[in-house]
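See below for the structure under consideration.
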Amino acid sequence: MRSPVGEGRERLLQALFDEFGEGGPGPNLSMRQVAERLGVHHTLLTYHFGSRPGLLGAVLSEARRRDNRVIAATGDAPGFATLCEAIWNFYANDAHEDRTRAFFRLVGLAVYEPGAFREFVADLDDLTRLLEAAALREGSTATEARQRSVIAVAALRGLLLQRLLTPAAEVDAAAGHFIASLAAPPA
């Protein structure tokens, strides 16, 4: 008896995590090579993920969903600044550097081929939604909450990219300053 399509896809995602970690397969591996490492036929990967970009996007989208559960578990309904700090601390941790690099690699590819990374692009707002809920809990209007969240996610991602490109810069201190500014009352 065959398992439902979603279950097969979930099992393949888990196998991909087990084999390649949460950053997914490296950029130089073909679908055939990935399939070989997993011990499956490459057409199975194509069936479930469509293409190499689809496979990479699915792996990173699932990794981000898992990350968000960890980040959101920071405490009971964390505040906006606390949640920003948890996001920074999670992704600035050297243990997550490969996944952060993979994220930016896919973002760069998605800029040129958004259709090939449809699932990945659709999931990019996940952190924004987490932060938006925190801002709403703190009394922001819906518009303010959305804008604050978009700005915070853009700033944190920019700082993470800066940290990858120029690790000698005082990026961690700048992130701390940015996060502290979020907790300060508006001028």
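Going by numbering that gives the first Met the number 0, 166 is the number at position 167 of the sequence shown; the sequence numbering is gapless.
Every residue gets a Cβ at the ideal spot worked out from N, C-alpha and C, and that includes glycine.
Just so we're clear, the structure is a prediction, and the values are computed from it rather than from any experiment.
Helix, strand or coil, according to DSSP, for H176 in the structure here?
In the structure shown, H176 sits in a helix (DSSP, three-state: H, G or I).
Going along the chain, which residues of its own chain have a beta-carbon closer than 8 Å to the beta-carbon of N67, five neighbours each way excluded?
Once the five neighbours on either side are set aside, the close Cβ partners of N67 are D125, L126, L129.
What residue does the alpha helix (DSSP H) around S60 start on, and which one ends it?
According to the DSSP assignment, S60 belongs to the alpha helix (DSSP H) that extends over 51-71.
Alpha-carbon spacing of A85 relative to A91, whole angstroms:
Rounded to the nearest whole angstrom, the C-alpha separation of A85 and A91 is 10 Å.
Apart from the five residues just before and just after A174, which ones in its own chain have a Cβ nearer than 6 Å to its Cβ?
Within the same chain, W87, L158 come within 6 Å of A174 by CB-CB distance, once the 5 residues on both sides are set aside.
Just verifying my parser: in three-state terms, what is the DSSP assignment at P3?
Interpretation of P3 is limited by its pLDDT of 47, a score under 50 that renders its predicted location unreliable; the figure taken from the coordinates is listed afterwards. If DSSP states are grouped into helix, strand and coil, P3 belongs with coil.
Which stretch, first to last residue, makes up the alpha helix (DSSP H) that contains E21?
Unbroken run through E21: none, as it is neither H nor E.
I need the DSSP call for A14, collapsed to helix, strand or coil.
In the structure shown, A14 falls within a helical segment according to DSSP collapsed to helix, strand and coil.
May I have the straight-line CA-CA distance separating A109 from R162, to the nearest angstrom?
For A109 and R162, the distance between alpha carbons rounds to 21 Å.
Could you check whether R36 and E9 sit closer than 8 Å to each other, using their CB atoms as the reference points?
Annotated as distal: E9 and R36, with beta-carbon spacing of 8 Å or more.
Cβ-Cβ distance between G56 and E118 below 8 Å:
Taking 8 Å as the Cβ cut-off, G56 and E118 qualify as a contacting pair.
Under three-state DSSP, which class holds A101?
Helix, per DSSP.
Enumerate in chain order the residues of its own chain whose CB-to-CB distance from S2 is below 8 Å, with the five nearest sequence positions on each side excluded.
Low confidence applies to S2: its pLDDT is 46, below 50, so where it sits in the model is not reliable, and the reading given next is rough at best. The beta carbon of S2 sits closer than 8 Å to the beta carbons of R10 from its chain, once the five residues preceding and following it are set aside; these are given in chain order.
Following the continuous alpha helix (DSSP H) through H41, name the residue where it begins and the one where it ends.
Bounds of the alpha helix (DSSP H) holding H41 are 41-48.
Proximity of A115 and G78 at Cβ, strictly below 8 Å
Not in contact: A115 and G78 (Cβ atoms no closer than 8 Å).
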